Structures are given as structure tokens and as C-alpha cells.
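K.L.:
Using this note's numbering, you'd call the opening residue of the sequence shown number 1 and step up by one each time. The C-beta atom is built at its ideal place from N, Cα and C for all residues, glycine as well. A quick note: this is a predicted structure, and the numbers were derived from the prediction, not measured.
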Amino acid sequence: MTTVSEHTTSLDLPAGPTVDVNWLAANLDRVVVVDASAMDHRGADTGIPGARRFDLDGEMSADAQLPHTMPAAGDFAQRLGALGIGQDSVVVAYDRAGMFSSARAWWMLRAAGVGCPYVLDGGLPAWLAAGHPEGPLALTPQSVPAPVVSIADGAFIDDAEVAARLQNPTDVVVDVRSAGRFQGTAPEPREGMRGGHMPGSVNVPFTDLAPDGHLLSREELQGKFMEAGANRERMAFSCGSGITACVGALAAVVAGAKDVTVYDGSWSDWGREDRDPAQRPVITGP
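1. Quick check on this structure: which residue in Ala82, Ala111, His132 has the alpha carbon closest to the alpha carbon of Thr140?
2. Residue ranges of each alpha helix (DSSP H) run of no fewer than 4 residues wholly in the segment 229-271, ordered along the chain?
3. Would you identify the three-state DSSP class for Phe57, choosing helix, strand or coil?
4. In angstroms, rounded to a whole number, what distance separates the CA positions of Gly84 and Val148?
5. Does the separation of the CB atoms of Val176 and Cys239 fall below 7 Å?
6. Go ahead and label Asp171 buried or exposed: buried means 16 or more other beta carbons lie within 10 angstroms of its beta carbon, across all protein chains shown.
7. In the structure shown, what three-state DSSP assignment does Val282 receive?
8. Checking the sheet assignment: what are the DSSP bridge partners for Pro136?
9. Taking buried to mean at least 16 other C-beta atoms within 10 Å of its own C-beta, is Ser89 buried or exposed?
10. Which residues share a DSSP beta bridge with Met193?
11. Please go through the segment 56-120 and give each complete alpha helix (DSSP H) segment of 4 or more residues, from N-terminal end onward.
12. Taking the Cβ atom as the reference point for each residue, do Arg96 and His41 lie within a distance shorter than 7 Å?
13. Might you give, ordered along the chain, the residues of its own chain that have their beta carbon closer than 7 Å to the beta carbon of Asp208, omitting 5 neighbours on each side?
14. Roughly how many whole angstroms lie between the Cα atoms of Trp107 and Ile48?
15. Please work out which residues of its chain come closer than 8 Å, Cβ to Cβ, to Ser178, disregarding the five sequence neighbours upstream and downstream, and give them in chain order.
16. Strictly by DSSP, which residues pair up with Phe156?
17. Leaving out five residues on either side along the sequence, give the residues of the same chain with a beta carbon under 6 Å from the beta carbon of Glu59.
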């Protein structure tokens, strides 16, 4: 469990990993808000006033062949400090789509053991719908000393670990892409990708877990995972490139799962056309 320093303990911190817009509005000047909008949803230089850009398409991802992968611990620490995120910061991540990429920022901070991270349920659309203002982001935030980052073992796994888990009956690999992409009937948005899914994986689209950008209740999430046969002892989440997989991880944590991980690289790694199909097989259909 992440601890917070004395200057944050006076906050009435929610027990779960999400906060609503009313809580954020009441505590806006006492937390660090980050705009973690990504890909097609990455917006202009406005949003929740004073938020800092958590650039998942840039410096908050590793400089590697695969998009949206976790930076090295030292690099991540320096980038957090430059954003004004310190060891004990209470951080609220949101995105412009509602709940698309904000959970990725939450998962990264959680995995790194930095601060007390939350996701804003409903994101910027919910903030604006509640009558709160949109304003400029803090594009040059005041930096703080870099926090100590230690990536938790098992927070992220690679393709070899995914392959092993697909063969283990106590594990489940949950693919949160759309049903069309999972079944191979809808095209992949990235070039050079095979269509379909990993044999043995199950499909729970992230949009089913957070319709309209709002996460379902604990009981509803449990029902979604049970319906898909995903209520196993250990849950690994995959998507296109590791972003919406974190919506699945967030949902699993809220549902009460104790052993949750994210396939860093996800389909951008497993689904590449240059993969040996005998080692990293792909099937189509339900």
C-alpha cells in the first residue's frame, strides 16, 4: 500500500482507485492532476485547469520499437520529477475520452510505488458535464526531486510469460480489444499486424467495463469477468499496445482480484506479422 506524507494525510482519500469529479473539484489545489490523453484522444493544451500532460505517446513511454511500453525506472523517475510528481504526491489521472488511457498512468504509478494514484471516473467529459471549467494545462510545471522508482515484480509481463500463462488453468489472459479485432473481423489499426487473438485468451472489451467512460460497480465488474470465464486466480490483461489493458487491470482491482498484471506491448508485440506462428500463434473467430 502506498503511503503519503503528513501534508497529504489531511485529505479524505478515497479507498478505491477512482475518484469522482465532485471529490476532485473539492481537492483540486491539493493534488497533482495529470492529463493522460493518448492516441486519437490526445487533445489541445486545455483540460482540467492546471493539469500536467502525462504524455503516453512521448516521454512517458519507452523509446523502443513497441509503442506505449514502460520506461526504465530511472527515466520514469526523472520524468515524474519534471512533472512535479514526488514520492508522496496524490495524483489524479484523467483523459479526454472518459476512460481510455488514464488508467495507464494510474497503473504505471502504482507499479512504480510512487505517490497515491487515482483515476478520474468519467474523465474530462464528466468534469465538464458537472459544470466545472476547462482551462489551460500547466505546460511548464514546477519540478520536484525525482521520486524513487522501483517497478513491482509482475506488474508488467512479456510475451514469454503470456505464453506460459495461456497454458496454465489457474491463469487467464483477458484481451480488452473490441470483439471485431479479437475475432479478426475488424482490421488492426497498426500496419504489419495479424488479425485475431491468442489461443486460450478471452475477450472482455474495455468499453463493456467502462461504458460512457464510467467504470461499472464492483458487482457488475465481477459479473462481466465471470460471464467471460475470466474469474481466475491470476489475471493478465492485453490490448493493442498496453493502454486500454490498464482499464481492464483497474476493473479487476475494483472487482477484488489480487493478482493482476499487464502485457506490456500487447498485440503490437504478439500480433506482429514477423512472429513465428508456431511460437506466437493467432486464431480468428469467437
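P.N.:
In terms of the structure at hand:
1. For Thr140, the nearest C-alpha among the options comes from Ala82.
2. You should have 245-255, 266-270.
3. According to the sequence shown, residue 57 is Asp rather than Phe. Asp57 falls in the coil class under three-state DSSP.
4. Each residue's alpha carbon lies about 14 Å from the other.
5. In contact: Val176 and Cys239 (Cβ atoms closer than 7 Å).
6. Label assigned to Asp171: buried.
7. Correct three-state label for Val282: coil.
8. Note: Pro136 sits in a beta bridge opposite Thr46.
9. Ser89 should be labelled buried.
10. For Met193, the pairing in a beta bridge is given by DSSP as Arg272.
11. Counting whole runs of 4 or more residues, the segment 56-120 contains the alpha helix (DSSP H) stretches 73-83, 102-112.
12. Contact flag set, yes.
13. Listed in chain order, the non-local C-beta contacts of Asp208 below 7 Å within the same chain comprise Lys224, local neighbours out to five positions each way being set aside.
14. Straight-line spacing of the CA atoms in Trp107 and Ile48 works out to 21 Å.
15. Here the set comprises Ala186, Pro205, Thr207.
16. Val262.
17. In its chain, beyond the 5 residues on either side, Arg79 have a beta carbon closer than 6 Å to the beta carbon of Glu59.
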